[in-house]
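> Here you go, one structure.
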Amino acid sequence: MTFARGVGQFYPVESPLHALDPRAKVVATALFVVGLFFVDSAAGFLAAGAVTAALVAASRVPLGAFLGLLRPVLFIVALTFVFQVLFLREGPTLLAWGFIEVHEEGLRLGLVLAARILILVTAAGLLTATTAPVALADGMEDLLSPLKRLRFPAHEVAMMMTIALRFIPTLGEEAEKISRAQAARGADFEGGGLLKRARALVPLLIPLTVGAFRRADELAEAMESRGYRGGVGRVRYRELRFRARDAAALLLTALAVGVAALL
Amino acid sequence: MRIELQGVRHVYAPGTSFAVEALKGVSLSVEPGEVLGVIGGTGSGKSTLVQHLNLLLVPTAGRVLVDGKDALSLDRSELRRRVGLVFQSPEQALFAPTVEEDVAFAPQRLGLGEEEVRERVGETLELLGAGHLAARSPFALSGGEKRRVAIAGVLAMGPEVLVLDEPTAGLDPHARSDLIYLVGRLKASGMTVVFVSHDLDEVAEVADGVCVLEGGEVRSIGHPAEVFYGDPSMAPATVRVAAALGVSRPSLGTPVRYGETLAALRRVLGAAP
Ligand SMILES: Nc1ncnc2c1ncn2[C@@H]1O[C@H](COP(=O)(O)OP(=O)(O)OP(=O)(O)O)[C@@H](O)[C@H]1O
Ligand SMILES: [Mg+2]
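In order, the protein sequences belong to chains A and B. Quick note on numbering: this note's numbering labels position 18 of the first sequence as 18, and the sequence is numbered without any gaps. Each number in this note's numbering comes from the position in the second sequence (counting from 1) with 1000 added on.
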């Protein structure tokens, strides 16, 4: 129950960002992420970073949640930074110490990449933290629906996404419960070499799979018995409504990232 | 073996906004050879409590003592062999292709020889009246059969204490009484049993001691007659009847089990057999 919660997931509080239409947020995030690749000046990153920070503050999601999100990424950021700094040898030399040489271009690119990754992950985190999974799937379905003409199963894909998201914590709980039940029978999931460990997982994975299939069956039956027949002719309980504030948010994002790219 | 819990607290997901204090300082002891019934409503902490008996959960605060020694200092897998825990809905953890192989899992983990494993599996399945299922797939059994196989899977370790977390939930009355009968036989063979249940009547039938949990705390604990007559609202039907009649006829005494209550009523009311 503990490990599937928290970091990188929906954080249910009330904020202006939570209230936005999910479609607006998805498109704005996409715009922002793409725009970020055109930003390459210090001023541009400062601007993009400041906008992101302001949005984090506006989201009312505790800062700790974002720091938690960034922690696993920090390693990648550090690695990227070190590689750029050490191995890109263009421009004037800033520092030379034995075989280590730091060049201006390497340092610049290292900083650019680090800033880009950090802002990118925070922006993606903002989207998932402020948008309920179901709303996110609804938004995706709507955005993908023009593809329905090309027979792309937009509704089915979105429904699958919703169900998958819904069941991640459930499966996590079940895995924990079964592993404890097997531990009570002497199973040991920790010791031993790779092969032994893989074999030790059998008593966990089989019941988990069996349980997942049973659950899928039950869910399918429950959905059908309540009249679910796929996307055709289906109306929504929660209508998505694109309001003025959503348009404004989209416009502001486009503007901000455009300015940052030009700086 | 004697297990003692001293002021055990347990907090799930501590330090997060999802933290739940499931146990708030529980003290009790499981005496050798007794059947301890643990009762309490949904979410009162029963499952959390019993998982401390073999340290599948480690207390956030407080101590678990086994024969007077701190259980944390003991070998964990040895402790789990001596204290066999059958989880709530244990059939979820069945995994092997046949019932026989599934029950053999625990004895094999103990490193017993092939012959001995087979013997134990046979005996245990027989004990649970599931010998005829040995070659079947555990996934193709009925709910009650699965339950018995899962209990066999733990009993095959040869534990000194057997902990059953709601073993009768979802069983028909016949399978229930079979299970109660099994608990009686295990006790007669010298095994200590901890029996978690929602069903007061069934606990009254087998328990030597009763512990009532409420909101993660022990509400009352002791001999079934003391606990049940102390608060007849939380008592089995036998005790509610006897307590109500006993107001005008103190000579009824404090019977708890069905047989005792019937005998006491006959005595007092002077009815024909
Ligand atoms: N893995 C977990 N993570 C977080 N909270 C939990 C977890 N397991 C149980 N809880 C919480 O701890 C409390 C006690 O749960 P527990 O499972 O011990 O109750 P129970 O008495 O066994 O209930 P039931 O009769 O429904 O089985 C409940 O409030 C429950 O929500
Ligand atoms: Mg329980």
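All residues carry an ideal CB built from backbone N, CA and C; glycine is no exception.
1. Looking at the C-beta of A:Q182, does it have a partner C-beta in chain B at a distance below 8 Å?
2. Flag A:A187 as yes if its beta-carbon sits less than 8 Å from any beta-carbon of chain B, otherwise no.
3. So, is B:P1255 buried or exposed, given that buried needs 16 or more other C-beta atoms within 10 angstroms?
4. Would B:M1001 pass as an interface residue toward chain A - the criterion being a Cβ-Cβ separation below 8 Å?
5. Can you find a heavy atom of ligand 1 that lies under 7 Å from the Cβ of A:A183?
6. So which residues on chain A does B:F1087 lean against when the C-beta distance must stay under 8 Å?
7. Would DSSP call B:S1279 helix, strand or coil?
8. Name the residue from A:D142, A:L107, A:L136 whose alpha carbon lies nearest to the alpha carbon of A:I163.
9. Run through DSSP, which three-state label would A:G231 get?
10. Cβ of B:S1047 within 7 Å of any heavy atom in ligand 2?
11. Just to make sure I have the definition right: I need the residues of chain A whose C-beta is within less than 8 Å of the C-beta of B:V1154. Which are they?
12. Bridge partners of A:T93, per DSSP?
13. Determine which residues of the region 1098–1110 of chain B have a Cβ less than 7 Å from any Cβ of chain A, and write them out in chain order.
14. Kindly indicate which residue of B:R1185, B:T1124, B:A1242, B:P1014 has the alpha-carbon position closest to the one of B:V1099.
15. Could you tell me how far apart the beta carbons of B:G1007 and B:A1022 are, in whole angstroms, since I believe they sit closer than 8 Å?
16. Rounding to the nearest angstrom, what Cα-Cα distance links A:P62 and A:P22 in this structure?
17. Closer than 7 Å to a non-hydrogen atom of ligand 1 - does that hold for the CB of B:Y1012?
18. For chain B, find out if any of its Cβ atoms is closer than 8 Å to the Cβ of A:V210; answer yes or no.
19. Could you check whether the Cβ of A:V210 sits closer than 7 Å to any heavy atom belonging to ligand 3?
20. Closer than 8 Å, CB to CB, is A:G77 near chain B or not?
21. Starting from the beta carbon of A:V202, find every residue of chain B whose beta carbon is closer than 8 Å, and list them in chain order.
22. May I ask whether a heavy atom of ligand 1 can be found less than 7 Å away from the beta carbon of B:T1168?
23. So A:F32 is in the alpha helix (DSSP H); what residue range does that whole segment cover?
24. Under the DSSP definition of a beta bridge, which residues are partnered with B:H1010?
25. Counting only the same chain and skipping the five closest in sequence on each side, list residues whose C-beta sits under 8 Å from that of B:S1293.
26. Tell me whether B:G1253 sits in a helix, a strand or coil according to DSSP, three-state version.
27. I want to check one thing, is the minimum distance from the CB of B:S1027 to the heavy atoms of ligand 1 below 7 Å?
28. Whole angstroms is fine: what's the gap from B:S1197's alpha carbon to B:A1175's?
29. Counting only runs of 3+ residues fully inside the region 1062–1146 of chain B, write out the beta strand (DSSP E) ranges in chain order.
30. Just to confirm, does B:T1042 get its C-beta within under 7 Å of one of the non-hydrogen atoms of ligand 1?
31. Using the beta-carbon of each residue, which ones in chain B are nearer than 7 Å to A:P207?
32. For B:S1142 and chain A, any beta-carbon pair shorter than 8 Å?
33. So who's on the other strand from B:G1040, going by DSSP bridges?
34. How many angstroms separate the CA atom of A:Y11 from the CA atom of A:A158?
35. Between A:V82 and A:G68, what straight-line distance do the alpha-carbon atoms span, to the nearest angstrom?
36. Among all the DSSP beta bridges, which residues are the ones paired with B:V1194?
Here's the rundown:
1. Residue-level contact by beta carbon holds for A:Q182 and chain B, with a gap shorter than 8 Å.
2. The beta-carbon of A:A187 is placed less than 8 Å from the nearest beta-carbon of chain B.
3. B:P1255 should be labelled buried.
4. When Cβ-Cβ separations below 8 Å define contact, B:M1001 makes no contact with chain A.
5. Because no heavy atom of ligand 1 lies under 7 Å away, the Cβ of A:A183 does not count as near it: no.
6. Near B:F1087 (Cβ distances below 8 Å), the residues of chain A are K177, R180, A181, A184.
7. The structure shown does not extend to residue 1279 of chain B, since chain B is modelled only from 1001 through 1273, so no value can be given for it.
8. The shortest Cα separation from A:I163 among A:D142, A:L107, A:L136 belongs to A:L136.
9. Coil, per DSSP.
10. Result yes, Cβ under 7 Å from ligand 2.
11. Chain-ordered, the chain A residues with CB closer than 8 Å to the CB of B:V1154 read A184, R185.
12. Beta bridge pairing from DSSP links A:T93 with A:H103.
13. Answer in chain order: F1105, A1106, R1109, L1110.
14. The residue among B:R1185, B:T1124, B:A1242, B:P1014 with its C-alpha nearest the C-alpha of B:V1099 is B:T1124.
15. Incorrect: roughly 14 Å between the Cβ atoms, too far for contact.
16. The alpha-carbon separation between A:P62 and A:P22 amounts to approximately 21 Å.
17. B:Y1012: yes, Cβ under 7 Å from ligand 1.
18. With a threshold of 8 Å between beta carbons, A:V210 makes contact with chain B.
19. Of the ligands one can find in the structure shown, namely ligand 1 and ligand 2, none is ligand 3.
20. Reading the sequence as shown, one finds Val at residue 77 of chain A and not Gly. Among the residues facing chain B, A:V77 is not included, as its CB has no counterpart in that chain under 8 Å away.
21. Going along chain B in sequence order, the residues near A:V202 (Cβ under 8 Å) are F1095.
22. Incorrect: B:T1168 has no Cβ contact closer than 7 Å to ligand 1.
23. From DSSP, the alpha helix (DSSP H) with A:F32 extends over 22–36.
24. Within the DSSP secondary-structure output, B:H1010 pairs in a beta bridge with B:L1023.
25. No information on residue 1293 of chain B is available, as it lies outside the stretch 1001 to 1273 that chain B covers here.
26. Collapsing the DSSP output to three states places B:G1253 in coil.
27. No, ligand 1 has no heavy atom inside 7 Å of this Cβ.
28. Computed Cα separation, rounded: 15 Å.
29. For the region 1062–1146 of chain B, whole beta strand (DSSP E) runs of length 3 or above, ordered along the chain, are 1083–1086.
30. Flag set: Cβ of B:T1042 near ligand 1.
31. Close partners of A:P207 in chain B (Cβ separation under 7 Å): Q1092, A1093, L1094, F1095.
32. With 8 Å as the cut-off, B:S1142 does not count as an interface residue toward chain A.
33. DSSP output for B:G1040 lists B:L1213 as bridge partner(s).
34. Their Cα atoms are separated by approximately 21 Å.
35. A straight-line Cα-Cα distance of about 22 Å links A:V82 and A:G68.
36. Answer is B:L1036, B:V1163, bridged to B:V1194.
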